[in-house]
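K.L.:
Sharing a structure with you now.
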Amino acid sequence: MSAADPSASAAPAVEVRPTPVAAPEALELIAGSEAELASIYPPEVRYAFSPQQLIDAQVHFVVAWSEGEPAACGGFAPLDGYGELKRMFTRPERRGRRLAGAILAALEAEARSRGLPIMRLETGEASPEAIRAYERAGYVRRGPFGDYQENGSSVFMEKPLA
Numbered sequence: 001m002s003a004a005d006p007s008a009s010a011a012p013a014v015e016v017r018p019t020p021v022a023a024p025e026a027l028e029l030i031a032g033s034e035a036e037l038a039s040i041y042p043p044e045v046r047y048a049f050s051p052q053q054l055i056d057a058q059v060h061f062v063v064a065w066s067e068g069e070p071a072a073c074g075g076f077a078p079l080d081g082y083g084e085l086k087r088m089f090t091r092p093e094r095r096g097r098r099l100a101g102a103i104l105a106a107l108e109a110e111a112r113s114r115g116l117p118i119m120r121l122e123t124g125e126a127s128p129e130a131i132r133a134y135e136r137a138g139y140v141r142r143g144p145f146g147d148y149q150e151n152g153s154s155v156f157m158e159k160p161l162a
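Anchor point for the sequence shown: position 105 equals 105 in the UniProt record's numbering, and the numbering is continuous, going up by one each time.
Encoded structure:
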């Protein structure tokens, strides 16, 4: 390809698909998420749902495929008056390709279709890349919500979906 060829710099195609939490590709990404969280945060400030908790909470879960591989995942729990993002994760070698943005767009569209007016999330101060991705997508900081309490390491964010 020549430098003048517009496809020469095109990002690889990304396909975001609804995926059962129990699917092998979802479980593999969730395991990657868990390993990363365990390397960064102590157990008392890790609020990530297990696969069974995701299923029990009826989380709408998606996997982003890039170059034929499951590369990122995320979901949201439909709660009373809002959705809560759960298990957002991109494989380290796939970061910087805006996969989180594609996941967020798919989850937000699904939440809107269910009539949810707002999306909320909890992440950690030690995850600046995640915070920047959420800010790029229009999320703003807020105080704790639901059962969360201020703990000195959590960051709470939300975005209106209307």
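Here a beta-carbon is modelled for each residue, glycine too, at the ideal position from N, C-alpha and C.
Assuming Cys-73 and Phe-49 form a contact by the criterion Cβ under 8 Å, report the distance between their Cβ atoms to the nearest whole angstrom.
P.N.:
Incorrect: roughly 12 Å between the Cβ atoms, too far for contact.
K.L.:
Starting from residue 164, follow its DSSP beta bridges and name the residues at the other end.
P.N.:
The displayed coordinates of the chain run from 1 to 162. Any statement about residue 164 would go beyond what the structure contains.
K.L.:
In terms of residues, what are the limits of the beta strand (DSSP E) holding residue 163?
P.N.:
Residue coverage of the chain in this structure runs from 1 to 162, which leaves residue 163 outside it and unanswerable.
K.L.:
Could you please give the first and the last residue of the uninterrupted beta strand (DSSP E) stretch that includes Leu-99?
P.N.:
Not the beta strand (DSSP E): Leu-99 falls in the alpha helix (DSSP H), residues 99–113.
K.L.:
Could you please give the first and the last residue of the uninterrupted beta strand (DSSP E) stretch that includes Glu-69?
P.N.:
Counting along the chain, the beta strand (DSSP E) containing Glu-69 begins and ends at 69–79.
K.L.:
Taking all protein chains shown into account, do 16 or more other C-beta atoms lie within 10 angstroms of the C-beta of Ile-30, making it buried, or fewer, making it exposed?
P.N.:
Under this definition Ile-30 is a buried residue.
K.L.:
Can you tell me whether DSSP reads Arg-94 as helix, strand or coil?
P.N.:
In the structure shown, Arg-94 sits in a helix (DSSP, three-state: H, G or I).
K.L.:
How should Ala-111 be labelled, buried or exposed, when 16 other C-beta atoms within 10 angstroms of its C-beta is the threshold for buried?
P.N.:
Buried: at least 16 other Cβ atoms inside 10 Å.
K.L.:
Given this structure, state the Cα-to-Cα distance separating Ala-57 from Val-155, to the nearest angstrom.
P.N.:
Those two C-alpha atoms are separated by around 22 Å.
K.L.:
Give the C-beta separation of Thr-19 and Ala-13 to the nearest angstrom, bearing in mind that I take them to be a contact with Cβ-Cβ under 8 Å.
P.N.:
Between Ala-13 and Thr-19 the Cβ distance is about 17 Å, and since that is not below 8 Å, they are no contact.
K.L.:
For the candidate residues Arg-91, Glu-36 and Ala-22, whose alpha-carbon lies nearest to that of Phe-61?
P.N.:
Cα-wise, what sits closest to Phe-61 is Ala-22.
K.L.:
How is the alpha helix (DSSP H) around Glu-150 delimited, first residue to last?
P.N.:
Run containing Glu-150: none; DSSP gives neither H nor E here.
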